[in-house]
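Trainee: The structure's right below; bear with me while I get my questions together.
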Amino acid sequence: MNTTPKTTLITSLSEVFTADAVHSVVRDAAILIEGENIAWMGSAAQAPAADEVIDAGYRAALPGWVDSHTHLVFAGDRSQEFVARMAGQEYAAGGIAVTTKATTATSDYDLTRLVMGRAAEALAGGTTYLETKTGYGLSVEEETRHARIASTVVDQVTFLGAHLVPAGMNAQDYTDLVCGEMLERVAPYVQFADVFCERGAFNEAQSRQVLAACAEAGLGLRVHGNQLGPGPGTQLAVEFGAKSVDHVNYLDDSDISALAGSWENWDAATRTGTAGTVATCLPACDLSTRQPLAPGRELIDAGVQIALASNCNPGTSYTSSMGFCVATAVLQMRLSIEEAITAATYGGALALGVQNKVGSLEVGKRADIQLLNAPSVAHLAYRPGMNLTGPVFRAGIQVSGKP
Ligand SMILES: [Zn+2]
13 MNTTPKTTLI
23 TSLSEVFTAD
33 AVHSVVRDAA
43 ILIEGENIAW
53 MGSAAQAPAA
63 DEVIDAGYRA
73 ALPGWVDSHT
83 HLVFAGDRSQ
93 EFVARMAGQE
103 YAAGGIAVTT
113 KATTATSDYD
123 LTRLVMGRAA
133 EALAGGTTYL
143 ETKTGYGLSV
153 EEETRHARIA
163 STVVDQVTFL
173 GAHLVPAGMN
183 AQDYTDLVCG
193 EMLERVAPYV
203 QFADVFCERG
213 AFNEAQSRQV
223 LAACAEAGLG
233 LRVHGNQLGP
243 GPGTQLAVEF
253 GAKSVDHVNY
263 LDDSDISALA
273 GSWENWDAAT
283 RTGTAGTVAT
293 CLPACDLSTR
303 QPLAPGRELI
313 DAGVQIALAS
323 NCNPGTSYTS
333 SMGFCVATAV
343 LQMRLSIEEA
353 ITAATYGGAL
363 ALGVQNKVGS
373 LEVGKRADIQ
383 LLNAPSVAHL
393 AYRPGMNLTG
403 PVFRAGIQVS
413 GKP
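Its first residue numbered 13, the sequence shown is counted upward by one per residue in the numbering used here.
See below:
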């Protein structure tokens with residue numbers, strides 16, 4: 013006997029922040045889920061009947077987080093590196109090699125369990141759409157293995173073979189390998205490719221080579237750029253039509269105008285037209301490396317669509333708490349609460365190219381909904397550091413939290 017309800021009504025919501033184009037807020041609200049999708053939203057007093065009714069107890073609702081930048085495929089512990097950094101040691105890209113060694117020594121079974129555990133932590137924190145990257149393998153066999161494992165756990169996988177040149181290998185030889193056999197082997201498991209365009213990692217010519225080869229292979233593109241200093245990463249991302257450039261800590265006026273230019277054919281009021289390159293800000297990483305926070309305020313004011321993501325990784329940002337990123341963006345990057353939530357939901361969806369499916373609460377979109385144990389979404393920044401995540405729904409099914 014099939015007793016699965018066809019429709020579910022979440023009612024007694026104090027407010028619903030939709031993250032739609034005009035940041036709509038519905039008060040005393042209800043949301044009707046039909047199958048996987050949102051079928052209706054509006055005043056609780058006018059809610060239609062449903063097979064199942066969930067009383068939200070006057071809590072606020074918002075879209076599930078879309079975390080568009082993580083590195084979850086790793087083993088080992090780098091807490092001592094963090095301690096050393098807090099004691100004044102400068103961050104350099106080379107720490108990646110420590111993780112590569114530990115991860116290579118870990119079995120498929122153990123590595124899969126580690127990735128699953130981290131994905132479960134993210135889900136419990138309200139993340140309902142999750143990207144992760146390879147990049148701790150740095151050999152054909154290991155990058156392929158990491159991509160395969162990641163593809164069984166998360167929603168989207170990004171190939172980041174160009175994360176660091178392995179010790180003892182010539183940079184150009186390694187770049188050729190990334191663009192050749194490694195790309196060919198990894199491509200079936202991934203949707204996007206990425207390159208760490210930074211001093212100590214890949215220079216402009218090598219980054220161009222990686223982006224061109226991965227575009228040729230049919231992958232979407234993104235760039236780790238302008239994290240540790242000024243550089244060509246952001247403008248390369250725009251030139252190659254990348255969906256995002258991530259980190260963006262050290263931008264000059266020409267970088268910001270290049271990003272703004274990529275959004276010229278996008279109508280923000282209707283969210284139609286041609287999407288440009290999203291600037292993905294990673295505030296938890298900026299804090300953990302004591303870098304200046306990315307200029308999110310300036311980017312928004314220039315007309316650039318931004319995303320907030322956790323950059324969960326063992327070296328520079330070992331947290332998947334999107335709530336923490338939102339609080340930091342409000343308190344320290346001068347975003348409004350509405351702008352910060354939108355960047356952590358719709359902005360992430362834009363960066364992943366899935367904005368028509370997830371990232372905002374709208375009729376017809378997937379029912380990815382988180383309830384907060386708070387009467388308004390402002391509490392995310394008003395009560396920083398508190399775990400306010402209540403029940404989480406993904407594709408219409410409650411996947412975390414007590415009812
Ligand atoms: Zn990263």
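Glycine included, every Cβ here is placed at the ideal spot set by N, Cα and C.
Excluding five sequence neighbours on each side, which residues of the same chain lie with their C-beta closer than 8 Å to the C-beta of Thr170?
Mentor: The residues are Glu143, Thr144, Lys145, Thr146, Val202, Gln203, Phe204, Ala205, Asp206, Arg234.
Trainee: Can you find a heavy atom of ligand 1 that lies under 6 Å from the Cβ of Asn261?
Mentor: Checking every heavy atom of ligand 1 against the Cβ of Asn261, none is found closer than 6 Å.
Trainee: Near Thr124, which residues of its chain fall below 6 Å by C-beta distance, leaving aside the five closest residues on each side in sequence?
Mentor: Excluding positions up to five away in sequence, the list reads Ile161.
Trainee: How would you label Arg378, buried or exposed, when you count the other beta carbons within 10 angstroms and need 16 or more for buried?
Mentor: By the neighbour-count rule (16 or more Cβ atoms within 10 Å), Arg378 is buried.
Trainee: Skipping 5 residues on each side, what residues in its chain have a beta carbon closer than 7 Å to that of Arg406?
Mentor: The residues are Gly76, Thr140, Asp380.
Trainee: Within 10 angstroms of the Cβ of Met194, are there 16 or more other Cβ atoms? Answer buried if so, exposed if not.
Mentor: Buried, because 16 or more other Cβ atoms sit within 10 Å of the Cβ of Met194.
Trainee: Would you say the beta carbon of Asn277 is closer than 6 Å to some non-hydrogen atom of ligand 1?
Mentor: Answer for Asn277: no, Cβ out of range of ligand 1.
Trainee: Are Thr115 and Ala87 closer than 7 Å when you measure CB to CB?
Mentor: Cβ atoms of Thr115 and Ala87: closer than 7 Å.
Trainee: At the level of alpha carbons, what is the spacing between His81 and Ala361?
Mentor: For His81 and Ala361, the distance between alpha carbons rounds to 11 Å.
Trainee: Does the beta-carbon of Met98 have 16 or more other beta-carbons within 10 angstroms, so that it is buried, or is it exposed?
Mentor: By the neighbour-count rule (16 or more Cβ atoms within 10 Å), Met98 is not buried but exposed.
Trainee: Can you say whether Asn238 is buried or exposed, counting buried as having 16 or more other CB atoms within 10 angstroms of its CB?
Mentor: Its Cβ being crowded by 16 or more others within 10 Å, Asn238 is buried.
Trainee: Starting from Ala296 and walking both ways along the alpha helix (DSSP H), at which residues does that stretch end?
Mentor: That run of the alpha helix (DSSP H) goes 295-300.
Trainee: Measure the C-alpha to C-alpha separation of Leu364 and Ala61 and round it to an integer number of angstroms.
Mentor: Using only the alpha carbons, I get a separation of about 35 Å.
Trainee: In or out: Ser55 buried (at least 16 other Cβ within 10 Å) or exposed?
Mentor: Per the 10 Å Cβ criterion, exposed.
Trainee: What are the uninterrupted segments assigned as alpha helix (DSSP H) that are 4 or more residues long and contained completely in the segment 55-113, given in chain order?
Mentor: Correct list: 91-98.
Trainee: Output the boundary residues of the beta strand (DSSP E) element that contains Ala205.
Mentor: Run containing Ala205: 204-209, per the beta strand (DSSP E) assignment.
Trainee: Can you name the start and end residues of the beta strand (DSSP E) that Tyr141 belongs to?
Mentor: 139-145 is the extent of the beta strand (DSSP E) around Tyr141.
Trainee: Tell me which same chain residues have a C-beta within less than 7 Å of the C-beta of Thr246, skipping the five on either side of it?
Mentor: Within the same chain, Thr246 has close Cβ partners Gly237, Asn238, Val257, Val260, Leu263, Asp267, Ala270, Leu271.
Trainee: Per DSSP, what kind of secondary structure is His259 in: helix, strand or coil?
Mentor: Strand, per DSSP.
Trainee: If you follow the beta strand (DSSP E) that Leu383 is in, where does it begin and where does it stop?
Mentor: Where Leu383 is concerned, the enclosing beta strand (DSSP E) stretches over 381-384.
Trainee: Of all the options Met181, Ala224, Glu155, Gly129, which has the alpha carbon lying nearest to the alpha carbon of Val165?
Mentor: When each option's Cα is compared against that of Val165, the closest is Gly129.
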